[in-house]
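This report refers to the structure that appears directly beneath it.
2 protein chains.
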Amino acid sequence: MTDNTKALLYKKITDLTEMAQPSLDKLFEASSRRELSKGEIILKQGQICKNIVFVEKGYLRTIIDKDGIDINTDFTFENNFTTNLKSLRSSTPSDTTIQAGEPAIIYEFDKEKLLKLYKVSQEIESFGRKLLEQLLIAQEEHTNLFKLFTPTERYHFLQTNKPQIIQRISLSQISSYLGVARETLSRIRKKG
Amino acid sequence: MTDNTKALLYKKITDLTEMAQPSLDKLFEASSRRELSKGEIILKQGQICKNIVFVEKGYLRTIIDKDGIDINTDFTFENNFTTNLKSLRSSTPSDTTIQAGEPAIIYEFDKEKLLKLYKVSQEIESFGRKLLEQLLIAQEEHTNLFKLFTPTERYHFLQTNKPQIIQRISLSQISSYLGVARETLSRIRKKG
DNA sequence: CACTACCTGAGACAAAAGTCACAAAATGCG
DNA sequence: CGCATTTTGTGACTTTTGTCTCAGGTAGTG
Numbered sequence: 000m001t002d003n004t005k006a007l008l009y010k011k012i013t014d015l016t017e018m019a020q021p022s023l024d025k026l027f028e029a030s031s032r033r034e035l036s037k038g039e040i041i042l043k044q045g046q047i048c049k050n051i052v053f054v055e056k057g058y059l060r061t062i063i064d065k066d067g068i069d070i071n072t073d074f075t076f077e078n079n080f081t082t083n084l085k086s087l088r089s090s091t092p093s094d095t096t097i098q099a100g101e102p103a104i105i106y107e108f109d110k111e112k113l114l115k116l117y118k119v120s121q122e123i124e125s126f127g128r129k130l131l132e133q134l135l136i137a138q139e140e141h142t143n144l145f146k147l148f149t150p151t152e153r154y155h156f157l158q159t160n161k162p163q164i165i166q167r168i169s170l171s172q173i174s175s176y177l178g179v180a181r182e183t184l185s186r187i188r189k190k191g
Numbered sequence: 000m001t002d003n004t005k006a007l008l009y010k011k012i013t014d015l016t017e018m019a020q021p022s023l024d025k026l027f028e029a030s031s032r033r034e035l036s037k038g039e040i041i042l043k044q045g046q047i048c049k050n051i052v053f054v055e056k057g058y059l060r061t062i063i064d065k066d067g068i069d070i071n072t073d074f075t076f077e078n079n080f081t082t083n084l085k086s087l088r089s090s091t092p093s094d095t096t097i098q099a100g101e102p103a104i105i106y107e108f109d110k111e112k113l114l115k116l117y118k119v120s121q122e123i124e125s126f127g128r129k130l131l132e133q134l135l136i137a138q139e140e141h142t143n144l145f146k147l148f149t150p151t152e153r154y155h156f157l158q159t160n161k162p163q164i165i166q167r168i169s170l171s172q173i174s175s176y177l178g179v180a181r182e183t184l185s186r187i188r189k190k191g
């Protein structure tokens with residue numbers, strides 16, 4: 000497990016929690032590398048989610064089909080994890096689809112393998128807990144965007160706090176992520 | 000630990016994860032019971048959050064001060080946990096205030112004690128992880144409310160999925176929770 | 001019961017956002 | 001490069017929501 004391509008993943012894990020080499024090795028063994036072409040789907044609405052995904056390169060979009068149109072609920076860039084936790088946890092059909100927004104390289108962590116590792120290794124379960132903490136904090140922040148800010152303020156928030164979204168995602172997709180019509184976001188952008 | 004008043008808490012924990020009696024005892028020892036009068040504050044914006052709270056009776060409201068007015072970001076009813084995870088985790092000033100919306104009985108779990116228990120007991124760390132999973136799933140659902148639904152639809156969602164909020168929370172407070180003006184929610188309610 | 005503080009309902013108007021239609025620009029591909 | 005496809009910008013109009021204001025209602029308190 001001295002795979003150079005896992006550099007980001009390695010750093011992510013060790014930044015999150017202290018972990019001795021044997022646990023690290025086990026954790027890496029639960030994952031498998033995968034290359035995605037643009038638009039490729041790794042989880043389809045209705046399917047049961049079976050893994051947690053780390054993005055090494057490119058980005059993933061999480062979308063919900065609402066009356067035939069795609070609503071972007073999340074974007075996962077390099078050096079971040081994503082999944083559909085609800086589906087993963089309870090083995091129920093996913094209400095989201097996850098697909099590559101660009102050609103991407105990801106590592107998929109198999110749920111069953113992870114659950115076994117949680118039982119065997121305290122360090123790995125600790126990693127799981129801390130990862131969830133991080134995801135939950137990000138999610139809370141995102142929810143509050145909608146309660147505290149107007150659409151214009153939300154866009155400006157992205158500009159200063161999530162520049163990657165502005166730079167790499169199309170206006171149409173950002174608009175559904177912000178919960179406004181495409182035209183509205185176009186006008187917001189025009190004003191500055 | 001055969002304290003009858005902890006009945007809900009006991010059930011909550013054992014529903015979430017299997018836990019042998021010694022771990023349960025340790026976990027209970029990390030908590031302390033507290034009675035709150037209506038309006039009493041347990042975490043103030045700017046303070047550092049030091050515990051996770053379980054609501055045994057009554058409810059808590061989580062609020063953010065935005066330009067001098069209170070925005071309700073969350074309500075925690077009986078049989079649920081809450082905290083400000085961001086502040087708890089990184090010992091930074093909380094951006095939220097948590098106060099009792101009714102006379103309440105809560106159990107506060109001390110952060111430092113919990114962290115120690117996590118290291119000692121795999122069962123307790125597992126409980127922590129599963130609790131976070133549950134909180135994250137709820138949070139995701141809540142965020143999607145704003146991306147997928149109009150204000151009217153959001154209110155109807157609460158009616159069918161979170162009736163407690165409709166029944167126990169005032170219209171003014173629900174309105175900021177849904178990100179709309181008080182008058183708008185009043186009109187929505189009027190239409191049915 | 002009377003007083004206060006708070007909450008809700010309602011009207012009038014202003015502001016913002018959504019919708020529809022179409023033009024312009026950018027992108028991808030042979 | 002030229003063509004087709006997708007994305008973005010813009011205007012006109014409709015609908016929704018916000019803001020301001022005030023009246024009526026409710027709950028709690030002494």
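Chains as they are written, first to last, in numbering that gives the first Met the number 0: chain A, 0 to 191; chain B, 0 to 191. Glycine is no exception: its CB is placed at the ideal position from the N, C-alpha and C atoms. Model, not experiment: these values are computed from the prediction.
Rounded straight-line distance, which links the Cα of residue j to that of residue i
i, j, result
"Gly100 (chain B)", "Asn83 (chain B)", "17 Å"
"Ile70 (chain B)", "Ile62 (chain B)", "5 Å"
"Tyr9 (chain A)", "Leu26 (chain A)", "10 Å"
"Glu55 (chain A)", "Ala6 (chain A)", "9 Å"
"Met0 (chain B)", "Arg128 (chain A)", "Residue placement at Met0 (chain B) is poorly supported in this model, since its pLDDT is 45, which falls under 50; the coordinates are not used for a value here."
"Ile123 (chain B)", "Ile47 (chain B)", "24 Å"
"Asp109 (chain A)", "Asn79 (chain B)", "30 Å"
"Glu140 (chain A)", "Thr81 (chain B)", "15 Å"
"Ser93 (chain B)", "Arg186 (chain A)", "34 Å"
"Leu116 (chain B)", "Leu114 (chain A)", "20 Å"
"Lys161 (chain B)", "Ile41 (chain A)", "32 Å"
"Arg32 (chain A)", "Leu23 (chain A)", "16 Å"
"Gln163 (chain A)", "Leu157 (chain A)", "8 Å"
"Lys43 (chain B)", "Glu34 (chain A)", "47 Å"
"Thr13 (chain B)", "Ala180 (chain B)", "41 Å"
"Ile173 (chain A)", "Phe53 (chain A)", "22 Å"
Buried versus exposed call for residue i [16 or more other C-beta atoms within 10 Å across all chains shown]
i, result
"Lys146 (chain B)", "buried"
"Ala29 (chain A)", "buried"
"Gly67 (chain A)", "exposed"
"Ser169 (chain A)", "exposed"
"Thr91 (chain B)", "exposed"
"Glu132 (chain B)", "buried"
"Gln166 (chain B)", "exposed"
"Arg60 (chain B)", "buried"
"Gly198 (chain A)", "Shown here, chain A extends from 0 to 191; a query on residue 198 (chain A) therefore has no answer."
"Lys11 (chain A)", "buried"
"Tyr154 (chain A)", "buried"
"Thr75 (chain A)", "buried"
"Gln20 (chain A)", "exposed"
Endpoints, alpha helix (DSSP H) assigned at residue i
i, result
"Phe148 (chain B)", "Run containing Phe148 (chain B): none; DSSP gives neither H nor E here."
"Tyr106 (chain A)", "Looking at the DSSP string, Tyr106 (chain A) is not in any alpha helix (DSSP H); the run it does join, the beta strand (DSSP E), is 103–109."
"Phe27 (chain B)", "20–28"
"Leu177 (chain A)", "170–177"
"Thr183 (chain B)", "181–190"
"Ile165 (chain A)", "162–167"
Closest Cα partner of residue i within the set the options
i, options, result
"Asp73 (chain B)", "A:Asn143, A:Glu17, A:Ser171, A:Gly45", "A:Asn143"
"Ser36 (chain B)", "B:Thr96, B:Ile165, B:Gln44, B:Ala103", "B:Ala103"
"Lys190 (chain B)", "B:Gln163, B:Lys118, B:Glu152, B:Glu107", "B:Glu152"
"Tyr106 (chain B)", "B:Ser171, B:Lys49, B:Ser174, B:Arg181", "B:Lys49"
"Ala137 (chain A)", "B:Ser86, B:Phe53, B:Glu17", "B:Ser86"
"Leu134 (chain A)", "A:Arg33, A:Thr96, A:Ile51, A:Gln20", "A:Ile51"
"Thr183 (chain A)", "A:Gly38, A:Ile12, A:Thr149", "A:Thr149"
"Arg88 (chain B)", "A:Thr95, A:Lys118, A:Leu130", "A:Leu130"
"Glu77 (chain A)", "A:Lys65, A:Thr95, A:Tyr58, A:Asp64", "A:Tyr58"
"Thr16 (chain B)", "B:Lys112, B:Phe126, B:Ile173", "B:Phe126"
"Lys65 (chain A)", "A:Ser175, A:Arg188, A:Arg181", "A:Ser175"
"Thr96 (chain B)", "B:Gly45, B:Phe53, B:Gln121, B:Lys112", "B:Gly45"
"Met203 (chain A)", "A:Gln121, A:Glu111, A:Lys112", "There is no way to answer for residue 203 (chain A), as the model of chain A reaches only from 0 to 191."
Segment limits, beta strand (DSSP E) that includes residue i
i, result
"Thr13 (chain A)", "First-last for Thr13 (chain A): 6–15, but that is the alpha helix (DSSP H), not the beta strand (DSSP E)."
"Thr91 (chain B)", "Element bounds for Thr91 (chain B): n/a, residue is neither H nor E."
"Lys56 (chain B)", "50–56"
"Lys65 (chain B)", "59–65"
Neighbouring residues, chain A, relative to residue i (Cβ below 8 Å)
i, result
"Arg88 (chain B)", "Glu132, Ile136"
"Leu84 (chain B)", "Glu132, Leu135, Ile136, Glu139"
Within chain A, partners of residue i - CB distance below 9 Å
i, result
"Asn50 (chain B)", "Correct list: empty, because the minimum Cβ distance to chain A is about 15 Å."
Contact set between residue i and chain A, taken where Cβ atoms lie within less than 7 Å
i, result
"Ile70 (chain B)", "Lys146, Leu147"
"Glu17 (chain B)", "Here the premise fails: no neighbours, minimum Cβ distance about 11 Å."
"Glu224 (chain B)", "The structure shown has nothing for residue 224 (chain B), since chain B only spans 0 to 191."
"Thr142 (chain B)", "Gln138, His141, Thr142"
Chain-ordered neighbours of residue i on chain B, where CB pairs are closer than 8 Å
i, result
"Tyr117 (chain A)", "Ser125, Arg128"
"Lys11 (chain A)", "By Cβ distance, chain B contributes nothing, its closest Cβ being about 17 Å from Lys11 (chain A), past 8 Å."
Amino acids of chain B, ordered along the chain, whose beta-carbon sits closer than 7 Å to that of residue i
i, result
"Ser175 (chain A)", "Lys146"
"Lys65 (chain A)", "Leu147"
"Gly178 (chain A)", "Phe145, Lys146"
Interface residues of chain B facing residue i [CB-CB closer than 9 Å]
i, result
"Gly45 (chain A)", "Correct list: empty, because the minimum Cβ distance to chain B is about 17 Å."
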